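Since the structure comes first, as structure tokens, the remarks are kept for the end.
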């Protein structure tokens, strides 16, 4: 491809495979070249890298074809285990991987799933290397000392047990067969594909129920680090009622407030940490009091401090112009940095911290020098 290109899928291409759609969009593109672009990580659909040439397109989809390959899709090797016990596991999620499969992807065969794994599948693959939990594994972790999300990959490998514990097909691990004595990984909350950092999964039915209740009761303290546009000099609490469509097809604050149909109460506490690039940007801490879909991203954008690297919530209000992002952020600059909660069965207070992901840390360092 001579340069990056963007295409909007017309109704005539609705239902076609991605490979077939590319051939209809790009002049003189062969089947082999279409598949090569996809497998070489040069094609996105609606902002997400796609490696499955048989994915069906829908009218309105936005397809981007890049001149150069994008970074590889994260796998289980990129997920770090922070804590595990008989009821739950805490991991450090890399950016670029979704938490769960969309409904239309659940019936995919193993080959298609292996090309684009989800986080719950990756954690299931990791589980044999840390199961059964060892008493010597750290039960608490903090950002200042050892343990937690700062644990090295070498330590993970040392704990991995005998070789061959993961069954492999075609050079890639597949989830363990049923009946091997491993618990099933159960998601109890989500992070966006391009958000990195700490996540919890339940490992038993009772833990799943208990953790879901803790989230509903807002009893799990979650803190994020984000880099936003413009100078933010004082702490503030952003409170609104969010709906699926604020008037422009995007989630956002309901014009009618709490009386709007389907409105959900959302509260985000924002604290400035340090100015970046002379105040053009600000590193902030965002603490969730509630946990609505895209809450932090929406609240920051509507408050006039859009996330650096934001691709969706770029307008403070539906009728207002989009904010121009010249930050050069590699992705949305949002990282799940701290999690604290009381273990539902041991009553132990667990605290975990994760430093900002490497790609965001390096980018922030470049901003400091600009």
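In full-length UniProt numbering, the protein residues as written are 1 to 370. For glycine and all other residues, C-beta sits at the position ideal for the given N, C-alpha and C. In this text the structure is predicted, and so the values were computed from the model without any measurement.
- What residue does the beta strand (DSSP E) around residue 266 start on, and which one ends it? 264 to 276
Exercise. What residue range is occupied by the uninterrupted alpha helix (DSSP H) comprising residue 365?
Worked result: 358 to 369
* To do: Rounded to whole angstroms, what's the CA-CA distance from residue 210 to residue 344? Just pull it up for me.
  => 6 angstroms
Exercise for the section: Select from 351, 359, 349 the residue whose C-alpha is nearest the C-alpha of residue 333. Expected result: 359
TODO: Provide the residue(s) that pair with residue 187 in DSSP beta bridges, ordered along the chain.
DONE: 201
Review point. Helix, strand or coil for residue 87 per DSSP?
Key: coil
According to DSSP, is residue 7 helix, strand or coil?
-> strand
**Message:** Is the separation between the beta-carbon of residue 57 and that of residue 93 shorter than 8 angstroms?
**Reply:** no
Practice task
Figure out for me which residue from 190, 204, 205 has the closest Cα to the Cα of residue 198.
Solution key: 190
Quiz item: When you compare only the Cα positions, how much space is there between residue 353 and residue 222?
Solution: 10 angstroms
Between residue 7 and the rest of its own chain, which residues show a CB-CB distance below 7 angstroms, the 5 nearest in sequence each way excluded? 25, 63
#### Entry: Rounded straight-line distance, which links the Cα of residue 3 to that of residue 16
24 angstroms
Handout entry: First and last residue of the uninterrupted beta strand (DSSP E) at residue 64
Key = 62 to 65
Review point. Going straight from the alpha carbon of residue 361 to that of residue 355, what length do you get?
Key: 9 angstroms
Residue 33 to residue 315, Cα distance in whole Å?
37 angstroms
The alpha helix (DSSP H) that contains residue 125, what's its start and end?
119 to 126
Practice task
With distances taken Cα to Cα, identify the nearest neighbour of residue 318 among 252, 349, 293, 328.
Solution key: 252
For the alpha helix (DSSP H) containing residue 229, name the first residue and the last one.
That residue, residue 229, is in no alpha helix (DSSP H); its beta strand (DSSP E) goes 221 to 229.
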